[in-house]
Amino acid sequence: MFEGMGLGGCILQAEYKFFKKAVMVFFFSVTTPFGIALGIALSNFMGPKLQGSIKLQIKAYIVVLLGAGGMSLMAKWA
Numbered sequence: 378m379f380e381g382m383g384l385g386g387c388i389l390q391a392e393y394k395f396f397k398k399a400v401m402v403f404f405f406s407v408t409t410p411f412g413i414a415l416g417i418a419l420s421n422f423m424g425p426k427l428q429g430s431i432k433l434q435i436k437a438y439i440v441v442l443l444g445a446g447g448m449s450l451m452a453k454w455a
């Protein structure tokens, strides 16, 4: 909820034309539920397999850290 409010405020303050703002809002509103559904599906599908393998857990942590690092890099760049 807070992410949506923050992004909405940034989009309102940006000096873009209406069409560009509408495209941003559309893609955020479409990709967010898709990402949530994908996360739920992967957690239900990979749960027992992930819990049984230390090697797979380490790989998962590395991927999460790479994703967080990539998002931080994009935030600094933007």
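Plus 377 on top of the position in the sequence shown (first one is 1) and you've got the working numbering.
The beta carbon of each residue, even a glycine, is placed where N, CA and C say it ideally should be.
None of the values given here were measured: they were computed from a predicted structure.
Out of the options, point me to the one whose CA is closest to residue i's CA.
i      : options                           : result
Ala437 : Gly416, Leu450, Phe396 and Lys453 : Gly416
Assuming residue i is part of the alpha helix (DSSP H), what are its boundary residues?
i      : result
Lys432 : Ile431 to Trp454
Lys394 : Lys394 -> no alpha helix (DSSP H), and no H or E assigned at all.
Would you tell me roughly how many angstroms separate the C-alpha atoms of residue i and residue j, rounded to the nearest one?
i      : j      : result
Gly386 : Ile413 : 22 Å
Thr395 : Ser420 : Note that residue 395 is Phe in the sequence shown, not Thr. The straight-line gap from Cα to Cα measures roughly 38 Å.
Lys397 : Lys453 : 22 Å
Gln390 : Gly447 : 25 Å
Pro425 : Tyr393 : 47 Å
Pop quiz: residue i and residue j are said to be a contact at Cβ under 8 Å. What is the actual Cβ separation, rounded to whole angstroms?
i      : j      : result
Leu427 : Gln434 : 6 Å
Checklist line | Inter-stretch contact (C-beta, 8 Å, three-pair minimum) for the segment 399–410 and the segment 380–390 | finding: Yes, they touch.
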